[in-house]
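Asks:
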């Protein structure tokens, strides 16, 4: 039998799931990121408590996305 969750579960310990310190309360919208066993960046919705979908992204693409966010390429309208 194949364990389907293995391919989407980041390693535990120091490489486990991390949530931004800007996240605030557990009720707020937030994502968590970790490193999967195959070295891909794993991203999930923190409110799903590990039951929801997990995006797996190449590290270079993730760094590019984070750089674009920090560089203001996705302006937020309040």
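Numbering (the working numbering), first residue to last: 1243 to 1320. Beta carbons are placed, not taken as given, at the ideal position from N, Cα and C, and that holds for glycine.
Grouping DSSP H, G and I as helix and E and B as strand, with all else coil, what is residue 1250?
Replies: In the chain shown, residue 1250 corresponds to position 8, counting from 1. Only weak support exists for where residue 1250 lies, its pLDDT of 46 falling under 50; the coordinates are left without a value.
Asks: From the DSSP secondary-structure annotation, give me the bridge partner or partners of residue 1292.
Replies: Here residue 1292 refers to the residue found at position 50 of the chain shown. Answer by DSSP bridge pairing: none, since residue 1292 is not bridged.
Asks: State the Cα-Cα distance for the pair residue 1318 and residue 1299, rounded to the nearest angstrom.
Replies: By 1-based counting over the chain shown, the position of residue 1318 is 76. By 1-based counting over the chain shown, the position of residue 1299 is 57. Approximately 23 Å, taken between the alpha carbons.
Asks: Roughly how many whole angstroms lie between the Cα atoms of residue 1284 and residue 1264?
Replies: Taking the chain shown and counting its residues from 1, the one referred to as residue 1284 is at position 42. Taking the chain shown and counting its residues from 1, the one referred to as residue 1264 is at position 22. Residue 1284 and residue 1264: Cα-Cα distance of roughly 19 Å.
Asks: How is residue 1276 classed by DSSP in three states: helix, strand or coil?
Replies: The residue labelled residue 1276 in the question sits at position 34 within the chain shown. Three-state result, residue 1276: strand.
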